[in-house]
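Notes to accompany the following structure.
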Amino acid sequence: MMGLLLKNDCWLIWPFVLPLFGALLSFLFKQRPRLPGLIVALLTTLSSGVLAWKLVRHGVGRYDLGGWQPPLGISLRGDGPAVLMVLMTAVTGLAISIYAGGYFRSRIAKVEDERRHIIQERFFWPLWLLLWGALNGLFLSADIFNMYITLELVALSSVGLTVLSGKPASQVAGMRYLLVSILGSLSFLLGVGFLYKAFGSLDLATIQAALSFSPPVAMAMALISVGLLLKSALFPFHFWLPPAHANALAPVSAILSGLVVKGSWYLFFRFWLGFLPLIGDGGNAVMAALGGAAIIWGAFQAFSQQRLKMLVAYSTVAQIGYLFIIFPLTGAGAGPAASAVFYFAISHSCAKAAMFLAAGTIFLQMGHDRIRDLAGVRQLLPITSFAFALGGLSLMGLPPSGGFIAKYMYLSMAVSQDRWWLVLLIVIGSGLTAAYIFRAVSHILSPKMVHGQGQVVVAPCMEWSALALALVAILLGFIAPLPLALLGVTG
Amino acid sequence: MSVSPTFVYGLTGLFLFVVGLGGLISCPQLLRKILAVNIMVSGVFLFLVTIGYGHGVIIDPVPHAMVLTGIVVSVSGTAVALALACRVHETFNMSDLLKRRTRSNDR
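Those sequence lines, one after another, are chains V and W. Sequential numbering from 6 applies to the first sequence in our numbering. Sequential numbering from 325 applies to the second sequence in our numbering.
Encoded structure:
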């Protein structure tokens, strides 16, 4: 029995099953959901790490749930990109979980309106673990209908998390987020129907092997692409993202911006890469144009925001653009392009989550997040200010950070393929990113002492977990061969 | 030339999808938006069920299993949407319903 459980491919189901189990557990222990939540978060991270280790040792794993083979059964497949995303979710998710423990403790300790904070924590842990499990399932599923199910699970649990703060603005944002998500999923499901009609299979690898052009396939691609673009908030579908991300609780903002957006992008990338022979240069150019518009528009919006969390949320709109401008560069082979864009995704996830966590700490300490009134934060929260600045460095792409490595790969590919407008776009985008980051950081780091706010109310683990994530974002600049080796395990 | 019934069903499914999409975009009221989404869902399910009949005499069960799972998902989605719509309604009708606000403050 133990031997069966520890078998190579069995590891695929642990990062999926453990958080789901933890969600139930933390829901049952509703008087103290924090302890089971944290334990399960730790176990999930460990199992994701073991999965990555197994992948490097034994190659791609495949697991048919219940022993049923496709087309009837549902199978999980862990190749390089999938496991890298699972690992990214694990690292970011563990830091967010530790942060959330301190966050709710600090909020409950502030006494005023204590009951509301306890209820928020009671619902946070089950929803967050459910979301974690659904994300891992999304990354690991090999079956397009299962992808639809996990997309819906991710959407429902992240809407629940969004409205948890109870603010009127977050309710409206959550409602809009839910409708957009359902619309995206339905479009995806209709596309799945067309693909099944054309190929008689739900297994993505089988479909991609049998690929040929026909009107239903074109219809399927259009429906799936639009559905996933809506969910990944690429310009001009970004309208729902900033209010939803900025009005949520601090750990929830980090989860949504760092992880959830990557889920639908990951599916889009996998589909688009598999269907690349059918798409041609026109489709890739459209994606790059939308990505470029997102980079410019998001950066200008971020620069003109008055609130720190809104600034970070619009920064997400801009950074999503980088995930899509990669498509014209896939012409000379998908391998290098995939390395660059996945590296960008993982370093953005760490950096953005660190920045949202830091912004949440600042909000909790100061009671507001108006950027021009943030002078003196440095004296009160030196570690948090440092974490915010470090995350910003990685977003800008300054060496030595993960963002730098990713942008360097982008630039070298663009130069070698003579796509000069893309080089220009990346350089302008980095400049604009620097502009809005410096605007926020200059206020946070300015030395004016604030009076009457001397007492630090936030828990130390909130500050340290944000810093740890920011340091991971920087560290990714030094250990580039490791994630890229993991990514290279395919086939 | 006769039109096969599956073709008609499939086309009706797509038509319902488009009608629901139009309603989702054009209706301002939340309840109507949720109903529009449900019409879209019905369209997608009708289309999926039709696919099962496409492959000859033997009926393919896989799309039917997909529809069953999809119904569960869509019911949960509708439930969440309705609950959220109630909250939004409570929050934003406060100016008209001052009594309700005072009552909820007493609790």
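A virtual CB, placed ideally from N, CA and C, is assigned to each residue, including glycine.
Under 8 Å, with one C-beta from each stretch per pair, do the stretch 225-241 of chain V and the stretch 314-331 of chain V reach the 3-pair mark?
Short answer: they touch.
Can you give me the C-alpha to C-alpha distance between Ala411(V) and Leu48(V), rounded to a whole angstrom?
Start at 1 with the first residue of the first sequence, and residue 411(V) comes out as number 406. Start at 1 with the first residue of the first sequence, and residue 48(V) comes out as number 43. Spanning the two alpha carbons is a distance of roughly 30 Å.
Any contact of the stretch 476-487 of chain V with the stretch 326-338 of chain W, i.e. 3+ C-beta pairs under 8 Å?
Counting Cβ pairs under 8 Å, fewer than three are found: no touch.
Inter-residue CB distance, Val88(V) and Leu60(V) (contact presumed, cutoff 8 Å)
In the first sequence, counting from the first residue as 1, residue 88(V) sits at position 83. In the first sequence, counting from the first residue as 1, residue 60(V) sits at position 55. Contact check for Val88(V) and Leu60(V): beta-carbon distance about 5 Å, within the 8 Å limit, so the pair qualifies.
Quick one: any contact between the stretch 470-484 of chain V and the stretch 402-416 of chain V, if contact means 3 or more CB pairs under 8 Å?
The stretch 470-484 of chain V is in contact with the stretch 402-416 of chain V.
Between the Cα of Thr50(V) and those of Thr94(V), Ala475(V), Val177(V), Lys35(V), spot the shortest distance and give me the residue it belongs to.
Locating residue 50(V) in the first sequence gives position 45, counting from the first residue. It is Thr94(V) whose Cα lies nearest to the Cα of Thr50(V).
Given Tyr108(V) as reference, the closest of Ala255(V), Asp423(V), Pro221(V), Ser406(V) once Cα atoms are compared:
If you number the first sequence from 1, residue 108(V) lands on position 103. It is Ala255(V) whose Cα lies nearest to the Cα of Tyr108(V).
DSSP three-state assignment for Ser309(V), whether helix, strand or coil
Looking up residue 309(V) in the first sequence gives position 304. Assignment of Ser309(V) by DSSP, reduced to helix, strand and coil, places it in the coil class.
To which residues of the same chain is Leu92(V) closer than 6 Å at the C-beta, ignoring the five residues directly before and after it?
Locating residue 92(V) in the first sequence gives position 87, where the first residue counts as 1. The residues are Ser53, Ala57.
Roughly how many whole angstroms lie between the Cα atoms of Leu348(W) and Asn151(V)?
The count along the second sequence starts at 1 and reaches residue 348(W) at position 24. The count along the first sequence starts at 1 and reaches residue 151(V) at position 146. A straight line joining the alpha-carbon of Leu348(W) with that of Asn151(V) spans about 26 Å.
So, are the CB atoms of Lys453(V) and Gly381(V) less than 7 Å apart?
Walking along the first sequence from the start, residue 453(V) turns up at place 448. Walking along the first sequence from the start, residue 381(V) turns up at place 376. Taking a C-beta distance under 7 Å as the contact criterion, Lys453(V) and Gly381(V) qualify as a contact pair.
When burial is assigned at 16 or more other CB atoms within 10 Å of the CB, is Phe339(W) buried or exposed?
Translated into positions along the second sequence, residue 339(W) becomes position 15. So Phe339(W) ends up on the exposed side.
State yes or no: is the beta carbon of Gly106(V) nearer than 7 Å to at least one beta carbon in chain W?
Numbered from 1 along the first sequence, position 101 holds the residue referred to as residue 106(V). Not an interface residue.
Nearest by alpha-carbon distance to Phe128(V): which of Leu209(V), Leu33(V), Gln422(V), Leu416(V) is it?
As a working mapping, residue 128(V) is identified with position 123 in the first sequence. The candidate whose alpha carbon is nearest that of Phe128(V) is Leu33(V).
Say whether chain V places a C-beta atom closer than 7 Å to the C-beta of Leu372(W).
On the second sequence, residue 372(W) is found 48 positions in, with the first residue counted as 1. Interface residue, yes.
Hey, Leu472(V) and Ala364(V): beta-carbon distance below 7 Å or not?
As a working mapping, residue 472(V) is identified with position 467 in the first sequence. As a working mapping, residue 364(V) is identified with position 359 in the first sequence. No, they are not a contact pair.
Is the distance from the Cβ of Ala356(V) to the Cβ of Gly297(V) below 7 Å?
On the first sequence, residue 356(V) is found 351 positions in, with the first residue counted as 1. On the first sequence, residue 297(V) is found 292 positions in, with the first residue counted as 1. When the beta-carbon positions are compared, Ala356(V) and Gly297(V) stay at least 7 Å from each other.
CA-to-CA distance, Phe199(V) to Ala394(V), given in whole angstroms
Start at 1 with the first residue of the first sequence, and residue 394(V) comes out as number 389. Start at 1 with the first residue of the first sequence, and residue 199(V) comes out as number 194. The alpha-carbon of Ala394(V) is positioned some 47 Å away from that of Phe199(V).
Let me confirm a value: Gln310(V) is counted as buried when at least 16 other C-beta atoms fall within 10 Å, else exposed. Which label applies?
Taking the first sequence and counting its residues from 1, one reaches residue 310(V) at position 305. Of the other Cβ atoms in all chains shown, 16 or more fall within 10 Å of the Cβ of Gln310(V); this residue is therefore buried.
Under the rule that 16 or more other beta-carbon atoms within 10 Å means buried, what is Ser4(V), buried or exposed?
Chain V is shown from 6 up to 496; residue 4(V) falls before or after that span and cannot be answered.
Mind pulling the chain V residues with CB within less than 8 Å of Thr393(W)?
The residue given as residue 393(W) occupies position 69 in the second sequence. Phe150, Ile154, listed in chain order.
Cα-Cα separation, Lys115(V) to Met90(V)
Here residue 115(V) refers to the residue found at position 110 of the first sequence. Here residue 90(V) refers to the residue found at position 85 of the first sequence. Going from the Cα of Lys115(V) to the Cα of Met90(V) covers about 36 Å.
Helix, strand or coil, according to DSSP, for Thr415(W) in the structure here?
Locating residue 415(W) in the second sequence gives position 91, where the first residue counts as 1. The answer is helix: DSSP assigns Thr415(W) an H, G or I state.
Which ranges would you report for the alpha helix (DSSP H) in the stretch 313-401 of chain V if only whole runs of at least 4 residues count?
With a minimum length of 4 residues, the continuous alpha helix (DSSP H) runs that stay inside the stretch 313-401 of chain V are 313-329, 339-371, 382-385, 387-401.
Buried or exposed: where does Pro282(V) fall if 16 or more other Cβ atoms within 10 Å of its Cβ makes it buried?
If you number the first sequence from 1, residue 282(V) lands on position 277. The residue in question, Pro282(V), is exposed, as its Cβ has fewer than 16 Cβ neighbours within 10 Å.
According to DSSP, is Ser206(V) helix, strand or coil?
Here residue 206(V) refers to the residue found at position 201 when the first sequence is read from its first residue. Shown here, Ser206(V) sits in coil according to DSSP, grouped into three states, outside any helix or strand.
The stretch 164-182 of chain V: which residues have C-beta closer than 8 Å to a C-beta of chain W, in chain order?
Those residues of the stretch 164-182 of chain V that come within reach of chain W (Cβ to Cβ, closer than 8 Å) are Val164, Gly165, Val168, Pro173, Gln176, Val177, Gly179, Met180.
Of the choices Arg377(V), Ile101(V), Met414(V), whose alpha-carbon is the least far from that of Gly340(V)?
By 1-based counting over the first sequence, the position of residue 340(V) is 335. Answer by Cα proximity: Met414(V).
Per the DSSP calculation, Tyr68(V) is bridged to which residue(s)?
By one-based count along the first sequence, residue 68(V) stands at place 63. Beta-bridge pairing by DSSP links Tyr68(V) to Leu81(V).
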